[in-house]
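Data first, discussion second: the structure below is written as structure tokens.
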Amino acid sequence: MKLSSRRKAIAPATRPAAVKAGKCPICGKPQDAGYRPFCSKRCSDIDLGRWLGGRYAVPGEPVSTRTEEDDEE
Ligand SMILES: [Zn+2]
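Just so we're aligned, residue 142 is where the sequence shown starts under the working numbering, counting upward by one.
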């Protein structure tokens with residue numbers, strides 16, 4: 142019997158300290174004061190690119206309206 146192992150079952154809560162420290166949401170590195178909440182301009186640009194990309198450049202799905210059945214007359 143290993144009843145004492147029950148203590149390990151308790152999952153540690155999310156540490157508030159980690160939130161306060163502030164990590165770059167792109168790469169997870171510590172934030173830079175000049176580029177918060179990112180660590181660098183590069184990551185800032187990446188995030189911005191994703192943002193604009195999703196908003197303005199909607200990737201079109203490959204258009205293939207042709208069906209093999211449609212070819213016969
Ligand atoms: Zn980063």
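The beta-carbon is built from N, C-alpha and C at its ideal position, and this holds for glycine as well.
- [ ] Pull every residue with its beta-carbon under 6 Å away from any heavy atom of ligand 1, and keep them in chain order.
- [x] Each of CYS165, ILE167, CYS168, LYS170, PHE179, CYS180, SER181, CYS184 has a C-beta closer than 6 Å to some heavy atom of ligand 1; these make up the full list, in chain order.
Open item on the list: At the level of alpha carbons, what is the spacing between CYS168 and SER181?
Closed with: Stepping through the sequence shown from its first residue, residue 168 is reached at position 27. Stepping through the sequence shown from its first residue, residue 181 is reached at position 40. Their backbone Cα atoms lie some 10 Å apart in a straight line.
Task: Close Cβ partners of LYS170 (< 6 Å) along its chain, the five nearest in sequence each way excluded - done: Along the sequence shown, read from residue 1 onward, the residue named residue 170 stands at position 29. So the qualifying residues of the chain are CYS180.
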